[in-house]
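Quick note: the sequence shown uses our numbering, first residue 4, plus one each step.
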Amino acid sequence: MRKRVYSGIRATGRLHLGNYLGAVKGMLALQDEYDCIFSVVDLHTITVPYDPKTLQQSVREIILDYLAAGLDPKKCLLEIQSRVPQHMELAYYLSTIYPVSRLEDLPTYKEKKAQYPKYVNMGLLYYPVLMAADVLLYKGELVPVGIDQEPHLEVMREIARKFNGVYGETFPEPTRFKTTGEYVPSLSGVGKMSKSVEGSYITLTDDLETIRKRLAAAPTDSGTEGGSVPETGNVANLFKLMKLFVDDSTYKKFAQDYQDKKIRYSDMKDVLADAIFQELTPLQEKRKEFSQNPKLVDEILESSNQECHERAQEVVNEVREKMGFSS
Ligand code: TRP
């Protein structure tokens with residue numbers, strides 16, 4: 004049997020380069036060989052402040068980004084998480100075998116608590132349990148996501164192990180599928196590229212001018228430090244992006260300029276903007292085709308959704324039976 008793969012991205016507007024390199028590239032690499040389900044996890048979206056009026060539009064944008072990036076409905080299933088309510092049902096069952104204290108200790112939970120001190124809701128604490136249910140609902144084994152998700156993967160494995168121990172062998176222990184762009188730094192110089200931090204990201208639908216503008220705003224230094232390219236900070240981040248998008252010799256040229264204290268960051272940013280835009284152009288063209296054909300997109304979603312429902316119900320029935328309910 005082919006290995007089962009599951010991954011999802013929250014519906015917070017359009018995808019950015021961090022999502023693309025950290026998750027979507029992994030999805031693309033896996034769809035040819037494995038049994039894949041790729042989701043827009045809109046139930047996870049609502050754990051932080053959001054606008055119900057634009058939620059469905061955000062979901063649609065990500066589906067379009069997925070299709071534009073090359074996720075192929077002939078090879079994989081595309082899921083909208085909230086349309087498969089079995090996620091929530093399984094999450095509840097799984098929540099009963101997992102300690103609250105472990106959830107309170109997770110770095111993602113602590114970060115969100117600090118970010119939204121007035122919005123510390125149960126859903127936020129429950130987030131990793133729902134995420135475990137996402138993958139386990141399809142008995143997923145491989146999860147292409149960024150490195151920041153590793154703590155959540157650990158929770159997922161603990162839950163699978165515990166469930167198997169208590170109720171009998173049921174779930175595989177999922178592992179993360181790593182990509183080269185698993186950590187894409189923020190343009191602002193601090194942390195990772197994130198949709199919730201203004202000035203940190205470039206979206207997949209940005210035109211060249213916008214990409215240039217966003218890069219222009221990224222902080223640098225005087226360019227007279229010399230030495231090897233730093234490991235952390237603003238300049239390090241720009242070089243990390245260079246590495247992901249330009250060829251080796253171009254990268255080396257700018258690294259040498261840095262060392263020789265004659266780097267011109269505006270030149271480097273121009274080169275980087277062009278390279279990013281070049282990679283995004285075919286995606287943007289494909290996206291246009293899909294957005295002009297909403298019926299086709301609806302059909303894709305409908306047939307995927309049916310298949311997901313059937314598979315999900317089978318696993319929920321198995322879990323219910325093992326836990327002492329009638330299936
Ligand atoms: N927590 C993930 C993120 O923020 C999103 C997510 C939710 C997910 N459920 C998932 C990723 C299941 C992979 C598998 O990126």
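Just so it is clear, CB atoms sit at the ideal spot from N, CA and C, and this is done for glycine as well.
Going residue by residue through the stretch 67 to 111, where are the continuous alpha helix (DSSP H) segments of at least 4 residues, counting only ones entirely within it? Correct list: 89 to 98, 103 to 107.
Inspect the beta-carbon positions of Val-44 and Gln-89 and report whether they are closer than 9 Å. If you number the sequence shown from 1, residue 44 lands on position 41. If you number the sequence shown from 1, residue 89 lands on position 86. Not closer than 9 Å, so no.
Neighbour-count burial assignment, Thr-50, 16 or more Cβ in a 10 Å radius: To locate residue 50, count along the sequence shown from 1; it is residue 47. Classification for Thr-50: buried.
Excluding the 5 residues flanking Ser-225 on each side, which residues of the same chain have their C-beta closer than 8 Å to its C-beta? Position 222 of the sequence shown, counted from the start, is the residue given in the question as residue 225. Excluding five sequence positions before and after Ser-225, none of the CB atoms of its chain fall closer than 8 Å to its own CB.
Along the chain, where does the beta strand (DSSP E) that runs through Val-146 open and close? The sequence position of residue 146 within the sequence shown is 143, counting from 1. Unbroken beta strand (DSSP E) run through Val-146: 145 to 147.
Give a single yes or no on whether Gln-118 has its beta carbon closer than 8 Å to a heavy atom of the ligand TRP. Here residue 118 refers to the residue found at position 115 of the sequence shown. Taken from the Cβ of Gln-118, every heavy atom of the ligand TRP lies 8 Å or farther away.
In the DSSP assignment, find the unbroken beta strand (DSSP E) run with Arg-267 in it and report its ends. Here residue 267 corresponds to residue number 264 of the sequence shown, with the count starting at 1. Boundaries for Arg-267: no beta strand (DSSP E) harbours it, and the DSSP string shows neither H nor E there.
Threshold first: 3 residues or longer. Then list the beta strand (DSSP E) segments lying entirely within the stretch 125 to 209, N to C. For secondary structure counted as the beta strand (DSSP E) over 3 or more consecutive residues, the stretch 125 to 209 holds these complete runs in sequence order: 145 to 147, 178 to 180.
Measuring straight from C-alpha to C-alpha, what distance separates Tyr-333 and Met-326? Residue 333 is absent from the model: the chain starts at 4 and stops at 330.
Can you give me the start and stop residues for the beta strand (DSSP E) that Val-8 sits inside? Residue 8 sits at position 5 when you count from the first residue of the sequence shown. Taken as a continuous stretch (DSSP letters only), the beta strand (DSSP E) holding Val-8 covers 7 to 12.
Chain-order list of residues whose beta-carbon lies under 6 Å from that of Pro-333 (same chain, five-residue window excluded): Only positions 4 to 330 of the chain appear in the structure, and residue 333 is not among them; the question remains open.
In terms of DSSP beta bridges, what is Val-51 paired with? Indexing the sequence shown from 1 puts residue 51 at position 48. For Val-51, DSSP records no beta bridge to any residue.
State buried or exposed for Arg-314, treating a residue as buried only when at least 16 other CB atoms are found within 10 Å of its CB. In the sequence shown, the residue the question calls residue 314 occupies position 311. Counting Cβ neighbours within 10 Å, Arg-314 comes out buried, since at least 16 surround it.
List the endpoints of the continuous alpha helix (DSSP H) containing Phe-242. Here the question's residue 242 lines up with position 239 in the sequence shown. It spans 237 to 248 - the alpha helix (DSSP H) in which Phe-242 sits, taken as one unbroken run.
Is Leu-133 near the ligand TRP, in the sense that its beta carbon is under 8 Å from a heavy atom of that ligand? For the purposes of this step, residue 133 is identified with residue 130 of the sequence shown, where counting begins at 1. Yes, the ligand TRP has a heavy atom inside 8 Å of this Cβ.
Candidates Val-148, Asp-273, Gln-262, Leu-97, of which the one nearest Gly-230 by Cα: On the sequence shown, position 227 is the one that residue 230 refers to. Closest option to Gly-230, Cα to Cα, is Gln-262.
Any heavy atom of the ligand TRP closer than 8 Å to the beta-carbon of Val-200? As a position in the sequence shown, residue 200 is number 197, starting the count at 1. Answer for Val-200: no, Cβ out of range of the ligand TRP.
Cutoff 7 Å; reference Ile-303; Cβ partners in own chain excluding five residues on either side: In the sequence shown, counting from the first residue as 1, residue 303 sits at position 300. Pro-76, Leu-81.
Can you give me the Cβ contacts of Ala-26 inside the same chain, cut-off strictly under 7 Å, excluding the 5 residues immediately before and after it? Taking the first residue of the sequence shown as position 1, residue 26 is located at position 23. Its chain contains Ser-10, Ile-12, Pro-147, Val-148, Gly-149 as the residues whose beta carbon lies nearer than 7 Å to that of Ala-26, once the 5 sequence neighbours on both sides are disregarded; these appear in chain order.
Just to confirm, is the Cβ distance from Ala-32 to Phe-174 under 9 Å? As a position in the sequence shown, residue 32 is number 29, starting the count at 1. As a position in the sequence shown, residue 174 is number 171, starting the count at 1. Note that the C-beta distance between Ala-32 and Phe-174 is not below 9 Å.
Buried or exposed: which applies to Gln-295, given that a residue is buried once 16 or more other Cβ atoms fall within 10 Å of its Cβ? The residue labelled residue 295 in the question sits at position 292 within the sequence shown. Counting the other CB atoms within 10 Å of its CB gives Gln-295 a total below 16, which places it among the exposed residues.
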